[in-house]
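Working notes, beginning with the structure itself.
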Amino acid sequence: MFDYGMFQFSSKEEVIEKSIACWNPGKTKFWRDAGIDLVIDRREGYLIYDMNGKRLIDLHINGGTFNFGHRNTELVGALKTALDRFDIGNHWFPSVARTALAEALVKVCPGFDYAFFAPGGAEAIDVAIKSARYTTQRRKVISIIKGYHGHSGLSVATGDSRFSKIFLSDRPDEFTQVPFNDLGAMERALSAQDIAAVILETIPATYGFPMPHEGYNRSVKALCEKYGALYIADEVQTGLLRTGEMWGWQSYGVQPDIFVSAKGISGGIYPFAVTMLTKKTGAWMEEDGAAHISTSGGAEPGCFVALKVLEILQRPEVRANVQYLTRYFSDAFHDIIRSDGDVVVGLRQKGVVIGVEFAHHEGGVHASRALYENGVWAIFSSLDKRVLQFKPGVLMSSALAEEVVDRFRVAIPRMRELIARAPSARSAA
Amino acid sequence: MAPETPETLNFSSYRDTYGAMLDRAGWAATTFSRYDRATTLKIAGAVARAAYGKAAHYAEWAVRETSFGVVEDKRLKNELCSLGVFETYRDTDYIGPVIDQSRKTVRIARPAGVILALTPSTNPVATVFFKTILALLTRNAIVICPHPAAKACCADAADLIAAEAVRAGAPDGVIQVVREPSIPALEGLMSDERIDLVVATGGPAVVRAAYRSGTPSFGVGPGNGPVYVDSSADLAAAATRIVESKSFDNSILCTNESVVLAEEAIADRLLRALQTSGAHVCSPGEREKLRAFLWRDGGFNIGAIGKDASVIARACGFDVPGNTRILLVPIDRVLPEEHFTREKLCPVLGFAVVTGTDEAIRAARMMNRKSGGGHSAAIHSQNEMTIMTYAAGVPALRIVVNAPCSQGAAGFGSNLGPTMTIGTGFMGGSALGENLTPASLINWSSIAYPTDPRMPFGNFEGLTPWKTPNSTIPDEQPSSVSAFDEMADLREKIRALVRDELNSALGRT
Chain A
1 MFDYGMFQFS
11 SKEEVIEKSI
21 ACWNPGKTKF
31 WRDAGIDLVI
41 DRREGYLIYD
51 MNGKRLIDLH
61 INGGTFNFGH
71 RNTELVGALK
81 TALDRFDIGN
91 HWFPSVARTA
101 LAEALVKVCP
111 GFDYAFFAPG
121 GAEAIDVAIK
131 SARYTTQRRK
141 VISIIKGYHG
151 HSGLSVATGD
161 SRFSKIFLSD
171 RPDEFTQVPF
181 NDLGAMERAL
191 SAQDIAAVIL
201 ETIPATYGFP
211 MPHEGYNRSV
221 KALCEKYGAL
231 YIADEVQTGL
241 LRTGEMWGWQ
251 SYGVQPDIFV
261 SAKGISGGIY
271 PFAVTMLTKK
281 TGAWMEEDGA
291 AHISTSGGAE
301 PGCFVALKVL
311 EILQRPEVRA
321 NVQYLTRYFS
331 DAFHDIIRSD
341 GDVVVGLRQK
351 GVVIGVEFAH
361 HEGGVHASRA
371 LYENGVWAIF
381 SSLDKRVLQF
391 KPGVLMSSAL
401 AEEVVDRFRV
411 AIPRMRELIA
421 RAPSARSAA
Chain B
1 MAPETPETLN
11 FSSYRDTYGA
21 MLDRAGWAAT
31 TFSRYDRATT
41 LKIAGAVARA
51 AYGKAAHYAE
61 WAVRETSFGV
71 VEDKRLKNEL
81 CSLGVFETYR
91 DTDYIGPVID
101 QSRKTVRIAR
111 PAGVILALTP
121 STNPVATVFF
131 KTILALLTRN
141 AIVICPHPAA
151 KACCADAADL
161 IAAEAVRAGA
171 PDGVIQVVRE
181 PSIPALEGLM
191 SDERIDLVVA
201 TGGPAVVRAA
211 YRSGTPSFGV
221 GPGNGPVYVD
231 SSADLAAAAT
241 RIVESKSFDN
251 SILCTNESVV
261 LAEEAIADRL
271 LRALQTSGAH
281 VCSPGEREKL
291 RAFLWRDGGF
301 NIGAIGKDAS
311 VIARACGFDV
321 PGNTRILLVP
331 IDRVLPEEHF
341 TREKLCPVLG
351 FAVVTGTDEA
361 IRAARMMNRK
371 SGGGHSAAIH
381 SQNEMTIMTY
391 AAGVPALRIV
401 VNAPCSQGAA
411 GFGSNLGPTM
421 TIGTGFMGGS
431 ALGENLTPAS
441 LINWSSIAYP
451 TDPRMPFGNF
461 EGLTPWKTPN
471 STIPDEQPSS
481 VSAFDEMADL
491 REKIRALVRD
501 ELNSALGRT
């Protein structure tokens with residue numbers, strides 16, 4: 001019997017059955033069929049435990065949501081304390097918590113003047129696109145093929161058609177996609193001078209972290225300036241020290257006009273997102289500050305959590321930890337590529353934003369499963385299954401990092417086995 | 001009725017949390033543990049030189065911040081605990097591999113990892129330097145937790161040497177300091193599983209807490225040193241050394257002499273010789289004033305620690321001649337209820353007459369029965385059998401002969417390891433019985449072959465498991481061993497300098 005106080009389940013199987021019946025049949029069945037029978041129960045730091053007690057090191061961290069680990073004690077403490085006095089607040093009025101967070105954000109985002117809050121990344125992306133449209137009085141938006149910016153009205157239209165066509169939400173007339181790292185295609189798309197903005201994940205996450213070519217982000221920004229478009233950086237997965245700098249755009253020396261942070265900004269403790277705007281791109285708030293309303297956007301308990309996140313990120317020890325992790329995983333994977341080059345062929349890395357490339361075209365999927373069986377949870381890249389997203393949190397200790405690599409090595413024979421058995425193995429070879 | 005909401009919200013602050021610091025230390029320890037010997041010595045040497053260069057600066061700061069001790073003596077201790085310690089140990093191999101052909105073994109050093117170093121208010125910066133250099137020589141990371149009364153000078157010194165260490169190629173975070181030390185912080189740190197070893201120098205409560213923490217620990221107990229002077233001793237020399245020792249840094253080293261045990265036959269002459277050397281012999285009236293001042297509310301008066309003899313006398317309401325260096329207090333019997341038989345971290349020295357060696361031993365045992373066991377004792381004698389008998393009888397693990405006990409027991413001017421951490425062993429509630437040396441901070445992995453002569457020993461010559469670090473060094477390439485040889489001249493000069501300083505401090509110029 002699993003007793004959670006407000007509800008009980010007799011077994012994990014019961015949860016899965018009822019989940020198929022009442023929650024989401026497709027999603028639940030997908031994982032079951034993939035051999036990943038995970039129902040996460042307890043969680044602490046970078047460890048998650050299945051209902052049946054299986055221990056997993058979390059390298060998925062939901063795209064940086066658990067950048068500080070699960071239930072980080074300082075963040076939990078901040079939220080609990082804030083709830084002694086605050087609730088989500090009234091979005092119509094200025095608030096102490098929102099003001100304090102906005103001021104703190106402006107301080108750590110050089111070149112930006114306003115912080116606009118949303119309950120999630122997709123809405124923050126919508127605000128970014130709306131702001132760009134207002135500023136340029138143009139409608140069209142360019143994004144990257146296999147880019148990913150969320151699932152709300154405008155954000156979903158920037159992404160892969162898998163997520164928009166099913167809901168008849170693709171808008172080919174307003175949203176154009178060009179290949180990543182292709183400046184020629186980007187310039188051709190911009191040259192009509194009718195583009196409001198280019199939106200770019202600083203490193204495309206769901207695409208498996210292909211690294212931008214030298215100067216790519218800066219060149220795109222220059223092209224935007226040339227053709228009167230704005231540059232929107234989606235920093236949901238690359239911000240918050242994950243590339244080694246507070247924001248990914250700082251790592252690449254590019255100054256966006258608008259950028260978005262979400263997920264890790266509130267440490268998986270409270271839903272929160274922010275769109276950072278300049279005087280110019282946030283000018284619509286002068287004309288009509290209630291033009292975009294979000295009841296839960298900037299909810300005050302979340303502001304306290306986000307403030308704590310910013311404070312932690314500015315500690316020198318945390319920066320040092322990221323540097324150590326960066327070097328450690330770089331060395332470890334280069335060793336693995338040398339010793340097991342038939343399986344693992346490449347490493348895409350900027351800080352702790354890491355994609356592991358496999359020889360097999362679905363190697364990431366098989367690796368994900370083999371790692372799961374060996375106590376590590378890392379998800380393949382859904383838009384490039386050759387790649388495994390490998391995302392250590394910025395606070396990961398040396399002992400745990402070592403364990404991750406040890407487990408990865410133990411899992412390699414199993415990866416090899418799964419790949420050999422895969423139906424498409426022959427065609428890939 | 002509206003529910004109450006709190007007036008102020010108390011959020012934990014950065015100061016409450018040391019997790020990131022310990023993780024950083026963990027990375028540093030892991031990285032450092034694979035360094036080769038040349039790079040390790042380069043780092044320890046650079047830190048020792050930087051610390052040596054700031055010896056006077058931190059001596060002055062420590063006295064200003066704690067009001068304990070003497071600037072000039074603290075400067076000397078800072079010098080000895082920086083370059084002095086480095087020079088003592090630089091030629092000993094704490095890294096390996098060490099091949100022993102005859103025993104068919106190869107030993108490979110395994111650092112403790114992350115060391116939590118507690119440093120006292122009495123010898124603050126000297127202990128920071130000392131423990132850090134020991135940690136660096138053995139490729140350990142160190143987290144320094146200073147006594148709150150000396151936190152500013154210790155943090156500043158730690159920052160200085162941390163920067164120097166990284167400049168010399170040490171991994172980032174190898175030296176860190178707790179800026180806001182407190183009892184809860186200390187207890188949390190000591191029991192944190194990311195700490196591999198606690199090296200506690202401090203009061204008995206702290207030492208016991210270290211052992212209770214469950215983390216491997218070296219805690220060292222307090223001292224209370226008896227000094228026996230027998231009839232064979234050179235009395236003038238003995239008196240000079242005792243006064244030198246008792247006045248050194250105003251008696252703040254725990255190795256200082258607490259009570260002179262004078263053999264009856266020479267007691268009067270010794271008393272006069274001590275007077276000649278700068279001791280003021282207190283009258284019974286002065287003794288009682290002193291007693292009332294030094295012991296208050298059942299404990300020792302912190303306000304007296306490390307103060308000048310004349311300052312203490314004035315505070316008690318009597319004057320002493322201007323050249324007075326210590327206050328000598330004759331006592332009738334050596335029993336625990338006699339306050340002056342207890343530890344006194346100030347230039348106040350008890351003086352008792354004993355009939356001979358047996359009574360001296362009994363008196364010493366009486367002094368150390370409750371506290372001070374396993375620490376230090378001194379003897380001034382020409383008679384080896386007396387020295388042997390005394391050494392085997394007193395509850396001390398280092399018995400200094402014909403030398404100042406403060407310095408000699410701490411390994412300055414003797415061949416004991418120069419130290420700020422005196423192991424008090426089993427009789428003093430400690431797992432460490434010797435002076436803390438680099439060897440205390442490592443374990444050895446031993447490769448062991450069969451003794452059977454038919455089974456050959458492997459050829460390990462020229463093999464090493466260590467790497468010369470590359471990417472961890474930002475600016476310069478690690479120097480080779482030969483670079484050290486070029487430094488030999490400078491090194492010899494520094495050694496001579498340290499030797500001279502030491503000799504003059506010991507009154508043997």
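Listed in order, the protein sequences are those of chains A and B. Everything in the first sequence is counted per full-length UniProt numbering, starting at 1 for the first residue and increasing by one. Everything in the second sequence is counted per full-length UniProt numbering, starting at 1 for the first residue and increasing by one. By construction, the Cβ of each residue, glycine as well, lies at the ideal position given by its N, Cα and C atoms.
*Does the separation of the CB atoms of His366/A and Met415/A fall below 7 Å?*
Taking the first sequence and counting its residues from 1, the one referred to as residue 366/A is at position 366. Taking the first sequence and counting its residues from 1, the one referred to as residue 415/A is at position 415. Contact flag set, yes.
*Alpha-carbon spacing of Lys221/A relative to Tyr231/A, whole angstroms*: Residue 221/A sits at position 221 when you count from the first residue of the first sequence. Residue 231/A sits at position 231 when you count from the first residue of the first sequence. Those two C-alpha atoms are separated by around 6 Å.
*Alpha carbon to alpha carbon, how far is Ile337/A from Phe329/A?*
To locate residue 337/A, count along the first sequence from 1; it is residue 337. To locate residue 329/A, count along the first sequence from 1; it is residue 329. Those two C-alpha atoms are separated by around 12 Å.
*Leu47/A (DSSP reduced to helix, strand or coil)*: Reading the first sequence from its first residue, position 47 is the one you call residue 47/A. Three-state result, Leu47/A: strand.
*Which chain B residues sit within Cβ distance under 8 Å of Asn321/A?*
The residue given as residue 321/A occupies position 321 in the first sequence. Per Cβ cutoff of 8 Å: Ala20, Asp23, Arg24, Trp27.
*Measure the beta-carbon distance from Ala157/A to Phe304/A and round it to whole angstroms, keeping in mind my assumption that it falls under 8 Å.*
Along the first sequence, one-based indexing puts residue 157/A at 157. Along the first sequence, one-based indexing puts residue 304/A at 304. So it is not a contact: roughly 34 Å between Cβ atoms.
*Is it the case that the Cβ atoms of Pro184/B and His147/B are separated by a distance below 7 Å?*
In the second sequence, counting from the first residue as 1, residue 184/B sits at position 184. In the second sequence, counting from the first residue as 1, residue 147/B sits at position 147. For Pro184/B and His147/B, no; Cβs fall outside 7 Å.
*Member of Ser182/B, Ala48/B, Gly306/B whose CA lies at the smallest distance from the CA of Ile161/B*: Mapped onto the second sequence, residue 161/B falls at position 161. For Ile161/B, the nearest C-alpha among the options comes from Ala48/B.
*Going along the chain, which residues of its own chain have a beta-carbon closer than 6 Å to the beta-carbon of Asp182/A, five neighbours each way excluded?*
Taking the first sequence and counting its residues from 1, one reaches residue 182/A at position 182. Same-chain partners within the cutoff: there are none.
*asked:* Does any residue of chain A have a CB that is nearer than 7 Å to the CB of Asp192/B?
replied: Taking the first residue of the second sequence as position 1, residue 192/B is located at position 192. For Asp192/B, the answer is no, since every Cβ of chain A falls outside 7 Å of its Cβ.
_Coarse secondary structure for Thr31/B, derived from DSSP in three states_ = Taking the second sequence and counting its residues from 1, one reaches residue 31/B at position 31. In the structure shown, Thr31/B sits in a helix (DSSP, three-state: H, G or I).
*7 Å Cβ shell around Lys307/B - same chain, five flanking residues per side excluded*: The count along the second sequence starts at 1 and reaches residue 307/B at position 307. Asn250, Cys346, listed in sequence order.
*Could you give the C-beta distance for Val329/B and Gly350/B, rounded to a whole number, given that I count them as a contact under 8 Å?*
Reading the second sequence from its first residue, position 329 is the one you call residue 329/B. Reading the second sequence from its first residue, position 350 is the one you call residue 350/B. 5 Å between Cβ atoms; contact.
*asked:* With three or more C-beta pairs closer than 8 Å as the rule, is the segment 219-232 of chain B touching the segment 253-265 of chain B?
replied: yes
*When Cβ atoms are compared, which residues of the segment 70-81 of chain A fall closer than 8 Å to chain B?*
Glu74, Gly77, Ala78, Thr81
_Within-7 Å CB hit, Ser398/A to chain B_ = If you number the first sequence from 1, residue 398/A lands on position 398. Yes, Ser398/A lies at the interface with chain B (some Cβ there is under 7 Å from its Cβ).
_Burial state of Ile354/A, where buried means 16 or more other Cβ atoms lie within 10 Å_ = If you number the first sequence from 1, residue 354/A lands on position 354. Buried: at least 16 other Cβ atoms inside 10 Å.
*With a cut-off of 8 Å on the beta carbons, I'd call Phe180/A and Pro204/A a contact; round off their distance for me.*
Along the first sequence, read from residue 1 onward, the residue named residue 180/A stands at position 180. Along the first sequence, read from residue 1 onward, the residue named residue 204/A stands at position 204. Phe180/A to Pro204/A, Cβ: 6 Å. Contact.
*DSSP puts Trp295/B in a beta bridge; with which residues?*
In the second sequence, counting from the first residue as 1, residue 295/B sits at position 295. DSSP output for Trp295/B lists Phe300/B as bridge partner(s).
*List the whole-angstrom C-beta distance separating Ser261/A from Gly228/A, where the pair is believed to meet the contact cut-off of C-beta under 8 Å.*
Here residue 261/A refers to the residue found at position 261 of the first sequence. Here residue 228/A refers to the residue found at position 228 of the first sequence. About 26 Å separates the two Cβ atoms, so there is no contact after all.
*Determine, using beta-carbon pairs with one atom in the segment 44-64 of chain B and one in the segment 340-357 of chain A, whether at least three such pairs fall under 8 Å.*
no
*Using the beta-carbon count (16 or more within 10 Å), is Cys22/A buried or exposed?*
For the purposes of this step, residue 22/A is taken as the residue at position 22 of the first sequence. It counts as exposed.
_Following a CB-centred definition, is Ser164/A positioned closer than 6 Å to any heavy atom of the ligand COA?_
This structure simply doesn't include the ligand COA, nor any ligand for that matter.
*asked:* Taking CB distances under 7 Å as the criterion, tell me whether Phe32/B reaches chain A.
replied: The count along the second sequence starts at 1 and reaches residue 32/B at position 32. False, the Cβ-Cβ gap to chain A never drops below 7 Å.
*My understanding is that Thr389/B touches Thr357/B, with C-beta atoms under 8 Å, so please give their C-beta distance in whole angstroms.*
The residue given as residue 389/B occupies position 389 in the second sequence. The residue given as residue 357/B occupies position 357 in the second sequence. The Cβ separation is near 5 Å, so the contact holds.
*Take Ser479/B and list the residues in its own chain whose beta-carbon comes closer than 6 Å to its own, dropping the five residues that flank it on each side.*
In the second sequence, residue 479/B corresponds to position 479, counting from 1. Since pLDDT at Ser479/B reaches only 35, below the 50 mark, its modelled position is unreliable, and no value is offered.
*Return the residue from the list Asn78/B, Arg110/B, Ala170/B, Gln101/B that minimises the CA-CA distance to Asp93/B.*
On the second sequence, residue 93/B is found 93 positions in, with the first residue counted as 1. Answer by Cα proximity: Arg110/B.
*What residues in its chain sit with their C-beta under 6 Å from that of Trp247/A, if we drop five residues either side in the sequence?*
As a working note, residue 247/A is residue 247 in the first sequence. Only Glu235, Gly239 meet the Cβ criterion.
*Outcome for Gln176/B when other beta-carbon atoms lying within 10 angstroms are tallied against a minimum of 16*: One-based indexing of the second sequence puts residue 176/B at position 176. Gln176/B should be labelled buried.
*If you draw a straight line from the C-alpha of Val85/B to the C-alpha of Asn321/A, how long is it?*
For the purposes of this step, residue 85/B is identified with residue 85 of the second sequence, where counting begins at 1. For the purposes of this step, residue 321/A is identified with residue 321 of the first sequence, where counting begins at 1. When rounded, the distance between both Cα atoms is 31 Å.
*Run down chain A in chain order and give the residues with a C-beta less than 8 Å from the C-beta of Thr5/B.*
Reading the second sequence from its first residue, position 5 is the one you call residue 5/B. Asp84, Arg85, listed in chain order.
*Taking all protein chains shown into account, do 16 or more other C-beta atoms lie within 10 angstroms of the C-beta of Met1/A, making it buried, or fewer, making it exposed?*
Taking the first sequence and counting its residues from 1, the one referred to as residue 1/A is at position 1. Per the 10 Å Cβ criterion, exposed.
_Every unbroken alpha helix (DSSP H) within the segment 401-431 of chain B, with a cutoff of 4 residues, ordered by chain_ = 405-409
*Would you call the CB atoms of Val125/B and Asn78/B closer than 7 Å?*
Taking the second sequence and counting its residues from 1, one reaches residue 125/B at position 125. Taking the second sequence and counting its residues from 1, one reaches residue 78/B at position 78. Going by C-beta atoms, Val125/B is nearer than 7 Å to Asn78/B.
*asked:* Please state whether the Cβ-Cβ distance between Phe116/A and Val127/A is less than 7 Å.
replied: If you number the first sequence from 1, residue 116/A lands on position 116. If you number the first sequence from 1, residue 127/A lands on position 127. Yes. Within cutoff.
*Helix, strand or coil for Leu328/B per DSSP?*
As a first step, residue 328/B is located in the second sequence; it is residue number 328 there, counting from the start. Note: Leu328/B maps to strand in three-state DSSP.
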